Each structure stands twice: as C-alpha cells, then as structure tokens.
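A short write-up of the structure that comes next.
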Amino acid sequence: MDHSLPMMSEKLLSFNHFMLKKYEETKESGMEGDFFNEVKPFADSVKEINDSWRAAALDWIGRERPKNLHPNQIDTVHDHMEQLSVQAFYPQTSRKRFLDASKSIEYVLTVLLNHLNK
Numbered sequence: 017m018d019h020s021l022p023m024m025s026e027k028l029l030s031f032n033h034f035m036l037k038k039y040e041e042t043k044e045s046g047m048e049g050d051f052f053n054e055v056k057p058f059a060d061s062v063k064e065i066n067d068s069w070r071a072a073a074l075d076w077i078g079r080e081r082p083k084n085l086h087p088n089q090i091d092t093v094h095d096h097m098e099q100l101s102v103q104a105f106y107p108q109t110s111r112k113r114f115l116d117a118s119k120s121i122e123y124v125l126t127v128l129l130n131h132l133n134k
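Residue numbering for the sequence shown follows our numbering, starting at 17 and increasing by one per position.
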C-alpha cells in the first residue's frame, strides 16, 4: 500500500463513496451489517489508512500552511471517517448527520487533493 498523502486521500475518498452507497443500501433494506464479518473488518481497514492519513495531512499542513485548509478540518475528517465506517452498516443512523458528515469528508479531501496536485 502506498502511504503517500495523495494516495491515502484518494483511498479515503473511495471509502467515503463506498460508505455512502452502503448506507443507502442499508437504509433501504433495513438490515444491519454483520458486525464481525462485515462491519469490523471494513472499519479496521478504514482506520489503518485514516490514522496514517491524519498524521501525514497534519504534517503537510504544518509545513505548507495552505490558506483554506486547517488542522481542525483534518481532525474532523478523521473523526467522521471513523464514525461513518461503522454507522454505514446500521439503518437507524440519522440520514442528515450521515450525509452532512459524508459531504464534509468529500469537501476537505477534495480541497486537500487540489492543493497537492498544484
């Protein structure tokens, strides 16, 4: 696995898209994901990338000091990724909270990738 910041950011975007799709499927079916066979393995794979990404992104922000990207946004994305990686598998999850968090993740990762690709 490439642990460069752009690659990890792309992977988190991919996870975010998967979580949104999974959430919609779960909400529609009303069926919870199996914790040990589905939820935990997925959440663990997200956590591995998410933790490395957070450290790399905070380091990059500290060095580059981009104008419209701040450490608290990185921490928020990190927290949202952890939460949504589990909540996507449960139909009782609030739609508004889930969608707001997903949009926040999408925005920050897109802004970060735009800065990295300059």
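Yeah, the Cβ is synthetic: ideal placement off N, Cα and C, and Gly gets one too.
These figures come from a predicted structure and were not determined experimentally.
Going by other Cβ atoms of all chains shown within 10 Å of its Cβ, with 16 needed for buried, is H86 buried or exposed?
Residue numbering aside, residue 86 sits at position 70 when the sequence shown is read from its first letter. Counting the other Cβ atoms within 10 Å of the Cβ of H86 gives fewer than 16, which makes it exposed.
- prompt: From what residue to what residue does the alpha helix (DSSP H) around D67 run?
  reply: Looking up residue 67 in the sequence shown gives position 51. Note, D67: alpha helix (DSSP H), K56 to E80.
_Which same chain residues end up closer than 8 Å to N32 when comparing Cβ atoms and leaving out the 5 residues on each side of it in sequence?_
Numbered from 1 along the sequence shown, position 16 holds the residue referred to as residue 32. Within the same chain, M97, L100, S118, I121, E122 and L125 come within 8 Å of N32 by CB-CB distance, once the 5 residues on both sides are set aside.
Do you know offhand how far D18's Cα is from Q108's? Residue numbering aside, residue 18 sits at position 2 when the sequence shown is read from its first letter. Residue numbering aside, residue 108 sits at position 92 when the sequence shown is read from its first letter. With a pLDDT of only 49 at D18, under 50, the local geometry of the prediction cannot be trusted, and no value is derived from it.
Given a cut-off of 8 Å on the beta-carbon distance, is the pair A73 and L29 in contact? Stepping through the sequence shown from its first residue, residue 73 is reached at position 57. Stepping through the sequence shown from its first residue, residue 29 is reached at position 13. It is not a contact, given that the beta carbons lie outside the stated cut-off.
| message | Taking the alpha helix (DSSP H) that D11 belongs to, which residues open and close that run? | response | In the structure displayed, the chain extends from 17 to 134; residue 11 sits before or after that span and is not available.
| said: Using the Cβ count rule (16 or more neighbours within 10 Å means buried), how would you classify S61? | reply: Here residue 61 refers to the residue found at position 45 of the sequence shown. Using a 10 angstroms sphere on the CB of S61, the tally of other CB atoms stays under 16, which defines it as exposed.
DSSP state of Q103 mapped onto helix, strand, coil: On the sequence shown, residue 103 is found 87 positions in, with the first residue counted as 1. Residue state, collapsed to three classes: helix.
- So F114 packs on E48, CB below 8 Å; how close in whole Å? Stepping through the sequence shown from its first residue, residue 114 is reached at position 98. Stepping through the sequence shown from its first residue, residue 48 is reached at position 32. Here F114 is actually not in contact with E48; their C-beta atoms are around 15 Å apart, not less than 8 Å.
Fill in: Three-state secondary structure assigned by DSSP to H86
Residue numbering aside, residue 86 sits at position 70 when the sequence shown is read from its first letter. In the structure shown, H86 adopts coil according to DSSP, grouped into three states.
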